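Novice: Here you go, one structure.
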Amino acid sequence: MKLNLSGERKIAAAGKLLEQALSSKVHPYQRRNMTDVVQRRDPYAALISTLAVETGVSEAEIRSIISVVGMDRASIIREARIIKRKSDG
-11 MKLNLSGERK
-1 IAAAGKLLEQ
9 ALSSKVHPYQ
19 RRNMTDVVQR
29 RDPYAALIST
39 LAVETGVSEA
49 EIRSIISVVG
59 MDRASIIREA
69 RIIKRKSDG
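In terms of the numbering used here, the sequence shown is numbered consecutively and its last residue is 77.
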């Protein structure tokens, strides 16, 4: 992100960013890559999120389906669609 700022405004903006970085307990490089940190903790987070959006059920429901049927994508989608149909009435 580039900003067109004058010299004094650039210094003030840099100072503000530095203050924010120093006041935070998370290192600035880690904060910039928080999605990477989350995915390292849960390697299936992206898949679960994608399946939830694709099928229209919550991520918690996808996780419960996975606990029953395993990581077979077709089975997960089948079960999620059944849950979705039941919830829609």
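Beta carbons are placed, not taken as given, at the ideal position from N, Cα and C, and that holds for glycine.
As the structure is a computational prediction, the values presented were derived from the model and not from experiment.
(1) So, are the CB atoms of A34 and I53 less than 8 Å apart?
(2) Could you spell out the range, first to last residue, of the alpha helix (DSSP H) harbouring S52?
(3) For the alpha helix (DSSP H) that contains D76, what are its first and last residues?
(4) From A0 to S37, what distance separates their C-alpha atoms?
(5) Below 8 Å between beta carbons: does that hold for K72 and V45?
Specialist: Let me spell this out:
(1) no
(2) 47 to 57
(3) 61 to 76
(4) 39 Å
(5) yes
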